[in-house]
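Peer 1: The numbering of the sequence shown is the numbering used here, which starts it at 6 and goes up by one.
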Amino acid sequence: MHRPHPHFIAAHRWLACTTALLLSALAACSEIETGVVRGQVVIRSGTSSASMSFVTGMAEQRVGVPDAECTLEGTDRRTVTDKQGYFHYGGLAAGSYILICKRATPEGTHAFLKPIEVPQAQDKAGNVDLGTLEITAAGSIEGVVRLAGQNEHTGLSVYIPGTSLQARSNAEGRWTLEGVPEGLYELGFEKEGYRPLRVKDVKVSSGARVRVQPLELNLTSGPSGSIILAENQLYSSSRTVSVGLQGSQDAALYMLSERTDFLGAAWRPMTPSTTWSFAADGEQRLYAKFADSQGLETAPVTDSIIVDTAPPSNARLLINSGAKVLTSRQVTLTVSAEDATSQVAEMKVSNDPALADASWEPFTVNRAWTLSDASSQTRVYVKLRDIVGNEMPEPVSAAATVVTGTPVSGTLPASSRWTATGNPYVVTDNVVVPVDGTLTIEPGVEVRFDGPYKLQVRGELVARGTAESRIVFTSNAALPQPGDWNGIVFDDSSTDAVLESSGEYVRGSVLAFTDIRYAIGIEIKHSAPLVADSHFHSNGSPTFSPGVLSLTDSAAMVRNNLIEQNVTRGLTVQGCGDAQVIGNTLQDNVNSAWGGGAIYLSGPWSCTAEGSGRGRALIENNRLLHNRTGVGGGGGALQVYGGVDFVIRHNEIRDNSTDSKMGAGAPASSTGTAISITNGHPVIEYNVIENNRSDANQSAAFYVISGSMTLQYNTVSNPTTYELFFSNPSQSLTLASNNYWGTTNEAAVRARVWDGEDDPEASSVTLTPLLSVPAPSAGPQ
C-alpha cells in the first residue's frame, strides 16, 4: 500500500491545528463583543468650527471629531473618541440608554444627545451601530422659578429627566442649564415640600439661548399649574393663539383672563390645551388660575406674547438719496419703513415688479444695486416683511432716468448755454465763467458737482428756472452730505443785476427758482446779483462756513427764498453795501459756530463811500423760525457786529434758541436768544419777537455787549430771564419805547430789563411809553 509522504502528513497536522485555534479564537471574540454600541462623532465641514484644529479625517461635508467625551447617562460608562471620531462601548446589558457626547472648543461646547436601545439577542444583548452622529453648538436654557408665597427661592432643582443636565436656582429664583445639545426637551422642577412641575416642548436650536417663562411651585397641598402661549414663541402673527395648560394631577378646573382680577372669567374643566383671542396687536399678557375639585385655587400664573398681524408700513425707497437723473446704473438704494409692533426683518429687491427673480434677504437701510439696462427710464421694487412674517401686499418702488450726462470743467466759452437735453451736467473740476462771458442755464437743468469744486462767476450767470421747472445745483455723491461741493462764487468783476423800480428783473446775474443742495454756500463779493425764489437746503460745513449766503460789500437783492435745515447760519451780510434781504424764510438752521443762528450782520464803524451813506442794509419782511446757534454764542436768530446802522423791520423772529450759557447773575458773552448786538446801532422796529429761548438757567432775548439800538413798535414776549440785557459800560441812552411787552405794567417790564438801574456802568434804557396792544403793522407785511 502507498504511504503518504512524511512532509504531507506534517503539513496536514499543522493545518488542522491552525484551523482549530482560529475557530477557538473566533468563538472567544464573539463572546466578548456582545452588548456593543459604536458610532462616529462628526461635525459639518462647512461650519466655522470645522476649521478648528481638532477636526480630522475630511470626508465630503462631515468630518470626524477626536477627543469628544461620550457618556451613557445614569451609568459610569464613559469613553473618548479616537482620532477619526469613533467611539465604542462593549458589554452593555439590553435596555434603554441616553448617550451624550461633548467636545469643548475655543468657540464653545459642541454636543449631541441621542436615546438608544440595546436589543435583546437570544440569551445575550445585541449590538448597535449608530453610524455618524453630528455635534452642533450647544445651547442653554434659562428662566426664573419661585416658591409660592416665599421671598427666598434658593435651591430649587431644575433638570432634564434621564440626564445629568441639571441646575439649582439662586435666591431670586434664577437658573441656567448650560451645555444643552440641540433638541426638544421636557424640564423638571422640584423642591421638597412643593408640588413638582414639568414643562414640555422646550426647543433648543444650535447655539441658542432659550428663555422659559417664569414659573411658580406651589405647596404640596392644593393644585398647581402653568400656561404657555403659542408653544413658547416670542411673536404671533395671529391674534388667536394656542394656550398650553400644564396642571398638577389634582387640577380639575382652570380660568383664563387678560385681567389680574379675573373679572368676568369662568371656571372650565381642565384640558391640555385651548385657544385665546386677543383684541389688538402689541404685547399681550394672559393670566390663569387652577383649582381642584374641592375649590382650592392656585395663585395666578401668567405668560405673554407679542401679537403682530400687520405688515411694515410707510415704506419708502430712494435711489441715490432721491436723485431722479443718474449717470450710472450702479446706485445705492435707501430703504425705510415702520413696523408698529415688531421690526422689519427681511426684504426682496428686484427690477421686476413681480419680484419673480428675488429672494428674501436680511433688511438693510442701504443696499448697493444695479439698475436695469432695458431702458433709460428705470424703476426698482422692494417688498418688506417683518420678523413675524407679515409681508407688504405690494412692493414700494422708485424710478430714475439713467443718462450719460454732460461733463463740464475749466473756463467756459464766452457764450455758453446749458439745456435740459444735456442733463445732468457733471462738474468734474472747477468751472469758471470768464470776464465778459455769459453762462445761461435753462429751466429744468440739473448740475451735479462730482467733488469739492465750485462755479466761479467772473462774468454773467443767468440761471432762471420757473416754479414748475427749477434749476438744481447738487452733489453727485451716492450718499451726499453738506459741504460736498464748494458752491457758487460771484466775483467783483461779475455782472450786477439790473432791476425795474418795481423790482422786476431786467438783466445781469441772477439765481431764480433754483435749488441749492449739499454745497458750502453761495459767496457774493463786491457784486450784486439777484437771488430770488430759491431753496437752500442741507448746505454748509459743520466745521466752518461763512453762511449759506455770504454777502461782502454787496448791494444784492435777496428775496423770497427758503433757507432751511442747513448746518450753518442762513445768511451773512458784512462790510459796506445796501443789500436788501426781503421776504425770505430762514428756518431750522443750526450754526455751531459764533454769530447768529439765521443771520449775521457785520460792518465797519463807518460806510460813507464818498458821502453816499452806503452800508445801511435792510432786513425786512422775513421769517426767522426755529434756528439755533451753538456754544460759540451769538443771537439765536440774529447777530449784529459792527457800527453799521442796519434796519431790521417787519420780521417774524420766533422759536429760535441758543446753547450758550449764562454766568452767575448775568448772561455770558453773546447769548441773546433772539438778537445779540456788539458795537452796532441797528434800528429794530415793527417786528414780532416771541418764544425765543435758551436751556440755560438765565438768559436774555436781546443781549447788548456794546453799542446801542433803537427798539420801537415791536411785539416782544420771550420765556427768558430778561427781555433786554445791557452789559456795556456806557453812559449812552437806548430808546426802547412804544413796544408791546404783553403788559402795560411798567414795573413788570422794568423787572425784565438789566440796564443802568441795575448796573451804574451800563446803558440807560427808555421804555415808556408802553403800547397797550401790539402795533397793527408789526410782523411781515
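Heads up, the beta-carbon is just placed ideally off N, CA and C, and yes, glycines get one too.
Between which two residues does the beta strand (DSSP E) containing Glu195 stretch?
Peer 2: Segment 188-195, the beta strand (DSSP E) holding Glu195.
Peer 1: Does the Cβ of Phe541 have 16 or more other Cβ atoms within 10 Å, making it buried, or fewer, making it exposed?
Peer 2: Answer is buried; the Cβ neighbour count reaches 16.
Peer 1: Please classify Leu202 as buried or exposed, where buried requires at least 16 other C-beta atoms within 10 Å of its C-beta.
Peer 2: Classification of Leu202: buried, given that the 10 Å Cβ count is 16 or more.
Peer 1: Under 8 Å Cβ to Cβ from Tyr292, same chain only, skipping five residues before and after it: list those, please.
Peer 2: Excluding sequence neighbours, Tyr292 sits near Leu261, Ser262, Glu263, Arg264, Thr265, Phe267, Pro305, Val306, Thr307.
Peer 1: Hey, out of Ala533, Val693, Arg659, whose CA is closest to Thr720's CA?
Peer 2: Val693
Peer 1: Measuring alpha carbon to alpha carbon, tell me which of Arg43, Leu224, Ala533, Ile146 ends up nearest Gly136.
Peer 2: Arg43
Peer 1: Identify the continuous alpha helix (DSSP H) that holds Val246 and give its terminal residues.
Peer 2: Note, Val246: premise wrong, no alpha helix (DSSP H); beta strand (DSSP E) at 245-252.
Peer 1: Could you check what DSSP says for Glu236 in three-state terms: helix, strand or coil?
Peer 2: Note: Glu236 maps to helix in three-state DSSP.
Peer 1: Report the rounded CA-to-CA distance for Leu104 versus Gly131, giving the unit in angstroms.
Peer 2: 17 Å
Peer 1: Are there 16 or more other CB atoms within 10 angstroms of the CB of Leu484, so buried, or fewer, so exposed?
Peer 2: exposed
Peer 1: Report the rounded CA-to-CA distance for Lys107 versus Thr80, giving the unit in angstroms.
Peer 2: 16 Å
Peer 1: Skipping 5 residues on each side, what residues in its chain have a beta carbon closer than 6 Å to that of Ala671?
Peer 2: Residue confidence for Ala671 is low, a pLDDT of 46 falling below 50, so the modelled location carries little weight and cannot support an answer.
Peer 1: Round the Cβ separation of Asn697 and Thr678 to the nearest angstrom and send it over; I've been treating them as touching at under 8 Å.
Peer 2: 4 Å
Peer 1: Can you look up Glu447 in the DSSP assignment and give me helix, strand or coil?
Peer 2: coil
Peer 1: Looking at the structure shown, is Arg755 part of a helix, part of a strand, or coil, going by DSSP?
Peer 2: Three-state result, Arg755: helix.
Peer 1: Any idea what DSSP makes of Gly44, helix, strand or coil?
Peer 2: Three-state result, Gly44: strand.
Peer 1: Within the continuous beta strand (DSSP E) that includes Ala404, where are the two ends?
Peer 2: It spans 401-407 - the beta strand (DSSP E) in which Ala404 sits, taken as one unbroken run.
Peer 1: Which residues share a DSSP beta bridge with Tyr605?
Peer 2: Thr577, Gln644
Peer 1: Return the chain-ordered list of same chain residues with a C-beta closer than 8 Å to the C-beta of Val207, the five sequence neighbours on each side being excluded.
Peer 2: Ile146, Leu189, Tyr190, Glu191, Leu192, Val215, Val217, Asn237
Peer 1: When DSSP labels each residue in this structure, what does Asn325 get in the three-state scheme?
Peer 2: helix
Peer 1: In whole angstroms, what is the alpha-carbon distance linking Phe368 and Thr339?
Peer 2: Cα to Cα, Phe368 sits roughly 11 Å from Thr339.
Peer 1: Please determine if the segment 386-403 and the segment 333-353 are in contact, where contact requires at least 3 C-beta pairs separated by less than 8 Å.
Peer 2: Flag = yes, the segment 386-403 and the segment 333-353 touch.
Peer 1: Suppose you measure from the CA of Asp378 to the CA of Arg334; what does that come to, to the nearest Å?
Peer 2: Straight-line measurement puts the Cα of Arg334 at about 8 Å from the Cα of Asp378.
Peer 1: Nearest by alpha-carbon distance to Ser777: which of Asn750, Asn702, Arg273 is it?
Peer 2: With distances taken between Cα atoms, Ser777 lies closest to Asn750.
Peer 1: Considering only DSSP beta bridges, list what Glu147 is partnered with.
Peer 2: According to the DSSP secondary-structure assignment, Glu147 is paired through a beta bridge with Thr181, Arg216.
Peer 1: Can you give me the Cβ contacts of Ala741 inside the same chain, cut-off strictly under 6 Å, excluding the 5 residues immediately before and after it?
Peer 2: Leu716, Val770, Leu772
Peer 1: In angstroms, rounded to a whole number, what distance separates the CA positions of Arg244 and Gly160?
Peer 2: Inter-residue distance for Arg244 and Gly160 is about 38 Å (C-alpha atoms, whole angstroms).
Peer 1: Check whether the Cβ atoms of Leu576 and Val553 lie closer than 8 Å to each other.
Peer 2: yes
Peer 1: Are the Cβ atoms of Ser681 and Gly639 separated by less than 8 Å?
Peer 2: yes
Peer 1: Is it buried or exposed, His115, if we count other Cβ atoms within 10 angstroms and call 16 or more buried?
Peer 2: buried
Peer 1: Enumerated in chain order, which unbroken segments of the alpha helix (DSSP H) with a length of 4 residues or greater are wholly contained in the segment 312-384?
Peer 2: Correct list: empty.
Peer 1: Which of helix, strand or coil does DSSP assign to Gly427?
Peer 2: In the structure shown, Gly427 falls within a helical segment according to DSSP collapsed to helix, strand and coil.
Peer 1: To the nearest angstrom, report how far apart Gly526 and Ala561 are at their CA atoms.
Peer 2: 16 Å
Peer 1: What is the rounded straight-line gap between the Cα of Asn223 and the Cα of Gly154?
Peer 2: 8 Å
Peer 1: Of the residues Phe495, Ser506, Tyr523, which one's Cα is nearest the Cα of Val515?
Peer 2: Phe495
Peer 1: Using the beta-carbon count (16 or more within 10 Å), is Val370 buried or exposed?
Peer 2: Burial call: exposed.
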